[in-house]
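Report on one structure; see the data block that follows.
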Amino acid sequence: MRRRKAYLLLLELVTALLFVLYFSPFYILVVNAFKSRYEVLTDVLGLPDSWSQAMANLRAILANPNLRFGASALSSVIITSCSLVVIALFSAMAAWVLVRTRSRVSTFVFMMYVAAMVIPFQVVMLPLVSWMRMIHQWTGIPMLRTYHGLIFAYLGFGSSLSIFLYHGFIKGIPKELEEAAIIDGCSRPQVFFRIILPILRPVTVTVLILNGIWIWNDFLLPLLMLGIGNEIQTIPLAIAGFIGSFVKQWELIMLALLLAIVPVVVLFLLAQKHIIRGMVEGSVKG
């Protein structure tokens with residue numbers, strides 16, 4: 002009995018320590034976002050003298066020509082939303098075809114998608130840039146420093162996990178539904194958009210949330226595809242470029258980081274139930 006109590010006490014202490022360890026950076030970020038520059042430099046851990054300082058910092062962020070927070074936020078919204086649409090749509094189509102086409106080729110292709118999930122991104126960084134330049138040379142369509150080039154890259158990197166989730170879910174959908182729709186006169190595209198896609202709503206929510214959080218916070222892929230100082234900048238790139246200025250305005254940097262993570266945190270807290278539900282249903286049906 003005593004050993005059990007000691008074990009539980011030790012477990013609680015470790016949990017509390019981990020909470021402090023993970024929460025302390027967020028605390029430092031929040032309290033310093035509401036401070037003036039003098040307060041940030043003199044007292045990092047203390048509470049701000051006036052919480053209203055955040056409004057002055059916000060106005061400075063929006064008016065700062067080096068940060069261009071408004072334009073960067075708009076670019077992040079465009080890139081994230083367009084990437085999510087193409088990832089969800091094409092991944093669902095690919096998974097449906099792979100499930101319904103029972104052959105060694107479809108099995109091999111699916112295994113290649115699964116294997117791609119364990120390949121580190123750093124391995125394909127340089128080949129990715131070279132491939133994008135080759136596409137530009139062959140087709141005349143610029144892929145680097147453009148919206149469509151980055152969205153195309155996100156489609157490639159985001160489709161592996163998405164196809165894996167869709168694949169497991171679609172395997173649990175009775176094929177008789179599709180056969181009945183075909184008998185009623187539906188074409189293959191109509192079967193997908195009218196029958197399959199609505200049924201995929203739970204796992205689609207999971208795909209959108211997981212990829213949305215990743216794309217919104219991503220730094221390395223936009224850095225490769227867009228570069229620092231380009232007209233098109235995501236929020237992480239804009240903040241990184243602003244930090245590299247000669248005078249580091251930490252109070253503005255902290256508030257910009259806070260504004261960047263708030264949408265993702267709120268989305269995750271509101272939708273975490275759907276994330277778990279979609280992943281569990283996909284694994285059970287598979």
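Under my numbering, think of the first position of the sequence shown as 2, with each following residue one higher.
For every residue, glycine included, the Cβ atom is placed at its ideal position computed from N, Cα and C.
Grab me the residues of residue i's own chain with a C-beta within less than 8 Å of its C-beta, minus the 5 sequence neighbours each way, in chain order.
i, result
"Leu-253", "Asn-58, Ala-61, Ile-62, Asn-65, Leu-68, Phe-243"
"Leu-268", "Ile-210, Gly-213, Ile-214"
"Ala-117", "Ser-161"
"Phe-158", "Phe-122, Leu-222"
"Phe-70", "Ile-62, Leu-63, Ile-236, Ala-239, Ala-257, Leu-260"
Below 8 Å on the Cβ atoms is my contact criterion, and I expect residue i with residue j to pass it. Report the Cβ-Cβ distance as a whole number of Å.
i, j, result
"Leu-221", "Phe-122", "7 Å"
"Ser-84", "Leu-156", "7 Å"
"Ser-76", "Thr-235", "6 Å"
"Leu-151", "Pro-223", "6 Å"
"Tyr-148", "Ile-80", "6 Å"
"Val-115", "Phe-165", "6 Å"
"Ala-182", "Ile-196", "5 Å"
"Leu-227", "Ile-233", "6 Å"
Along the chain, where does the alpha helix (DSSP H) containing residue i start, and where does it finish?
i, result
"Ser-131", "126-140"
"Ser-77", "70-101"
"Trp-217", "202-218"
"Arg-38", "38-43"
"Leu-46", "That residue, Leu-46, is in no alpha helix (DSSP H); it is neither H nor E in DSSP."
"Val-110", "105-117"
"Gln-191", "189-192"
"Gln-123", "No alpha helix (DSSP H) contains Gln-123, which DSSP labels as neither H nor E."
"Pro-237", "236-244"
"Gln-54", "54-64"
Excluding sequence positions up to five away, which residues of its chain have a Cβ less than 6 Å from the Cβ of residue i?
i, result
"Ser-163", "Ile-88, Ser-92, Val-208"
"Gly-287", "Per-residue confidence for Gly-287 stands at a pLDDT of 47, beneath the threshold of 50, marking its modelled position as unreliable; no derived number is given."
"Met-144", "Met-133, Ile-136, His-137, Gly-150"
"Pro-237", "Phe-220"
Only counting the same chain, and skipping five residues up and downstream in sequence, which positions put a Cβ closer than 7 Å to that of residue i?
i, result
"Phe-194", "none"
Of all the options the options, which has the alpha carbon lying nearest to the alpha carbon of residue i?
i, options, result
"Ile-216", "Arg-134, Ser-82, Asn-33, Ala-34", "Ser-82"
"Phe-27", "Leu-271, Gln-273, Ala-261, Met-112", "Ala-261"
"Ala-272", "Pro-203, Tyr-8, Glu-13, Ala-17", "Pro-203"
"Ser-37", "Ser-25, Met-56, Leu-270, Val-21", "Met-56"
"Arg-146", "Leu-90, Val-266, Ile-29, Asn-231", "Asn-231"
Original post:
Using 8 Å as the threshold, is the stretch 122-139 in touch with the stretch 88-97, meaning 3 or more CB pairs across them?
Top reply: no
Original post:
Taking contact to mean at least 3 C-beta pairs separated by less than 8 Å, is the stretch 250-265 in contact with the stretch 38-45?
Top reply: yes
Original post:
Is it a yes or a no for the stretch 119-134 touching the stretch 185-193, going by three-plus beta-carbon pairs under 8 Å?
Top reply: no
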